[in-house]
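266 is the number that numbering that gives the first Met the number 0 gives to position 267 of the sequence shown; each next residue is one higher, with no gaps.
Backbone N, C-alpha and C fix where the C-beta goes; we use that ideal spot for every residue, glycine too.
All of these numbers come straight from a predicted model, not from anything done at the bench.
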Amino acid sequence: MICEYINENYHERKIGYSALSKKITNFIHNQDLKIISKFLKKVFNGEIAIEQVRILCNSDYKYHELKGKKFLDNSNEEKVLLICRDIGKFKEAEEKWNNRHDRLKDMAANLPEIRYWNLMQPKSIKNDFQKTREMLDIVIDNIPQLIYWKDVNLKYLGCNANYALINKLEDQNALIGKYDLDFKWPRSNISHIQESEEKVIKNNQSERSIESWLYDDGEKVWFEVNRIPLHDLKDNVIGILSTYNNISKRLVAEKRINESEKRYRSILENITEGYFELDLKGQFTFCNSALCKILGYSKEEIIGKNYIKFSHPEVKLKLFYDFNEVFKTKKGKQYLNSRSIKKDGQEVITEFSVNLQHDTM
0 MICEYINENY
10 HERKIGYSAL
20 SKKITNFIHN
30 QDLKIISKFL
40 KKVFNGEIAI
50 EQVRILCNSD
60 YKYHELKGKK
70 FLDNSNEEKV
80 LLICRDIGKF
90 KEAEEKWNNR
100 HDRLKDMAAN
110 LPEIRYWNLM
120 QPKSIKNDFQ
130 KTREMLDIVI
140 DNIPQLIYWK
150 DVNLKYLGCN
160 ANYALINKLE
170 DQNALIGKYD
180 LDFKWPRSNI
190 SHIQESEEKV
200 IKNNQSERSI
210 ESWLYDDGEK
220 VWFEVNRIPL
230 HDLKDNVIGI
240 LSTYNNISKR
250 LVAEKRINES
260 EKRYRSILEN
270 ITEGYFELDL
280 KGQFTFCNSA
290 LCKILGYSKE
300 EIIGKNYIKF
310 SHPEVKLKLF
320 YDFNEVFKTK
330 KGKQYLNSRS
340 IKKDGQEVIT
350 EFSVNLQHDT
360 M
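Laid out in C-alpha cells, this is it:
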C-alpha cells in the first residue's frame with residue numbers, strides 16, 4: 000500500500016522524513032509487519048481497525064496507535080484513511096507500571112499474611128481476579144481520557160497515567176492521599192470541580208457535562224466530563240470517579256462542518272433549479288425552494304415523504320430502477336426525464352440527474 004497523502008509537517012516533526020510515495024511497510028518495524036498486514040486486511044474488509052505498531056521516527060522506532068477506515072475517493076477507487084497517534088508516553092508508563100507490579104508481586108510473595116491468603120484461595124479465583132485487575136489497569140492507563148477517583152472527602156485515591164502526566168507526576172501513586180489544591184491542573188478550576196463532585200456524591204447521581212478550561216498559554220480546551228458515584232457492597236456512596244475526554248478538535252471540526260453545511264444550503268436555496276436529497280428509503284431529507292415552487296408544496300409537506308407520492312403512476316417503476324442502478328453501480332445518471340404531479344393535480348415534466356451521496360467517513 001502506497002502513502003499518497005500525509006498531513007502537513009507530520010513527517011518533519013514526527014518521523015523525520017517524507018513518507019509520500021512509499022510503501023507503508025517501509026517504515027514499520029520488521030516484527031510488526033504481520034500485525035500491519037492483518038490490520039490492513041481488516042480495513043479493506045470494511046472494518047474499523049485499531050492497532051499498535053512501531054514506526055520509524057528519526058532512525059528510531061516508536062510506538063504509535065493506528066486507526067483505519069476504507070473509503071471511496073472521487074474516482075470511486077478504494078483508499079484507506081489512517082489516523083496515527085504517538086503512544087510512546089503511554090508505553091513508557093505501561094513499562095513503569097509493569098516494573099512496579101513485579102516489585103509489588105515479589106514483596107507480596109514474601110509477606111506471611113498474603114502467602115497464607117494465597118494458600119487458602121482456589122487458584123482459579125486468584126488467577127481470574129488478577130487477570131481482570133491487570134487488564135483493567137492496562138486499559139485505564141492506555142485510553143486517552145483523564146481519569147481519577149476520590150473518596151467522599153474529595154481526597155485522591157488513584158488516577159490513570161494520563162492524569163498523572165498532565166499534573167507532571169512521574170509516579171501515579173504520588174497523587175494518592177492529596178487534594179486538588181496540591182496540583183496546578185485542577186487548582187485552576189477548583190471551585191467548579193469541587194461543587195460538581197460534591198453534588199454527585201450528595202445526590203448519588205451521575206452527571207455529564209461539556210466544560211471549557213483555559214490553560215496558562217491562553218489555549219482554550221473543551222472536555223466532555225463524566226462524574227460517577229462509587230459504591231461499596233452495601234450500595235453506600237464511598238467516592239466518585241471522574242473522566243475527562245478532550246473534545247476540542249471534534250468541536251472545531253463540527254463547527255467547520257456546520258459552517259460549510261450552512262454555506263452549501265444557502266447556495267442551494269438560491270439556485271433556480273430544483274434540488275432535493277433522498278435517503279436510502281426514498282424519503283426526502285432536503286429540498287430547496289425551487290423544487291417547492293415546481294411541485295406547489297411547502298418544505299414541510301415534502302420533507303419526510305417518499306418520492307413516490309409526487310411521481311406520476313406511469314414513471315414510478317422506472318424511477319425505482321434508475322435510483323437502484325445508481326446505488327448498485329455507484330455511478331450517477333444524467334439527463335433523466337420524469338413526470339411529477341403537482342399539489343393542484345397538474346402534471347409537470349422534469350429533467351434531472353441522480354448521484355450517490357456519501358457520508359464524511
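Consult DSSP for residue i and reduce its assignment to one of helix, strand or coil.
{"i": "E260", "result": "helix"}
{"i": "Q345", "result": "coil"}
{"i": "F322", "result": "helix"}
{"i": "E112", "result": "For E112, the pLDDT reaches just 44, beneath the cut-off of 50, and the residue's location in the model is therefore unreliable, leaving the point undetermined."}
{"i": "F351", "result": "strand"}
{"i": "S36", "result": "helix"}
{"i": "Q120", "result": "Because the pLDDT of Q120 is 49, which lies under 50, any placement of that residue in the model is unreliable, and the question is left without a value."}
{"i": "I165", "result": "helix"}
{"i": "I142", "result": "coil"}
{"i": "T271", "result": "coil"}
{"i": "V236", "result": "strand"}
{"i": "D181", "result": "helix"}
{"i": "E50", "result": "strand"}
{"i": "L250", "result": "helix"}
{"i": "K219", "result": "strand"}
{"i": "L153", "result": "coil"}
{"i": "L55", "result": "strand"}
{"i": "K90", "result": "helix"}
{"i": "S297", "result": "coil"}
{"i": "H357", "result": "coil"}
{"i": "E197", "result": "helix"}
{"i": "V79", "result": "strand"}
{"i": "V224", "result": "strand"}
{"i": "K280", "result": "coil"}
{"i": "D72", "result": "coil"}
{"i": "D170", "result": "coil"}
{"i": "N287", "result": "coil"}
{"i": "K330", "result": "coil"}
{"i": "S205", "result": "coil"}
{"i": "K66", "result": "strand"}
{"i": "H311", "result": "coil"}
{"i": "D31", "result": "helix"}
{"i": "S190", "result": "helix"}
{"i": "K304", "result": "coil"}
{"i": "N159", "result": "coil"}
{"i": "I340", "result": "strand"}
Cα-Cα, which of the options is closest to residue i?
{"i": "E223", "options": "V347, R207 and L232", "result": "R207"}
{"i": "D59", "options": "T328, G87 and G273", "result": "G87"}
{"i": "Q144", "options": "K154, F38, A160 and D72", "result": "A160"}
{"i": "G295", "options": "K332, V347, K280 and H311", "result": "V347"}
{"i": "V151", "options": "G217, E300 and V199", "result": "V199"}
{"i": "I142", "options": "N25, C286 and E93", "result": "E93"}
{"i": "S265", "options": "F285, G281 and N44", "result": "F285"}
{"i": "D72", "options": "D278, K330 and S339", "result": "K330"}
{"i": "K95", "options": "F43, D170 and N57", "result": "D170"}
{"i": "K341", "options": "D278, N172, L81 and K292", "result": "K292"}
{"i": "H230", "options": "K201, Y214, D181 and G217", "result": "K201"}
{"i": "F43", "options": "N29, A163, S337 and F70", "result": "F70"}
{"i": "N287", "options": "G281, K298 and L277", "result": "K298"}
{"i": "H196", "options": "K149, E50, D85 and N235", "result": "Strictly speaking, residue 196 in this sequence is Glu, with His absent from that position. Comparing Cα-Cα distances from E196 to each of K149, E50, D85 and N235, the minimum goes to K149."}
{"i": "H63", "options": "H311, I189, L277 and F26", "result": "F26"}
{"i": "I82", "options": "K68, T242, E76 and Y274", "result": "K68"}
{"i": "G273", "options": "R186, D85, S352 and A48", "result": "S352"}
{"i": "L363", "options": "D278, Q51 and K304", "result": "Residue 363 falls outside the range modelled here, since the chain spans only 0 to 360, and no answer is possible."}
{"i": "S241", "options": "L232, I139, I301 and S337", "result": "I139"}
{"i": "V79", "options": "F89, L39, L232 and N57", "result": "L39"}
{"i": "K280", "options": "A289, L290, F319 and E77", "result": "F319"}
{"i": "I237", "options": "N203, S187, R255 and N172", "result": "N203"}
{"i": "Q447", "options": "E46, G45, K37 and R53", "result": "Residue 447 lies beyond the stretch modelled for the chain, which goes from 0 to 360, so this question has no answer here."}
Whole-angstrom Cβ separation of residue i and residue j, contact assumed at under 8 Å?
{"i": "L335", "j": "E350", "result": "7 Å"}
{"i": "Y306", "j": "F326", "result": "Not really, about 14 Å apart at Cβ, beyond 8 Å."}
{"i": "L250", "j": "W212", "result": "Not a contact, Cβ separation roughly 13 Å."}
{"i": "I34", "j": "T24", "result": "So it is not a contact: roughly 11 Å between Cβ atoms."}
{"i": "L153", "j": "Y178", "result": "7 Å"}
{"i": "I227", "j": "I239", "result": "7 Å"}
{"i": "S205", "j": "N225", "result": "7 Å"}
Inset, instruction - For the stretch 230-250 and the stretch 262-274, state whether three or more C-beta atom pairs, one from each stretch, are separated by less than 8 Å. - result: no
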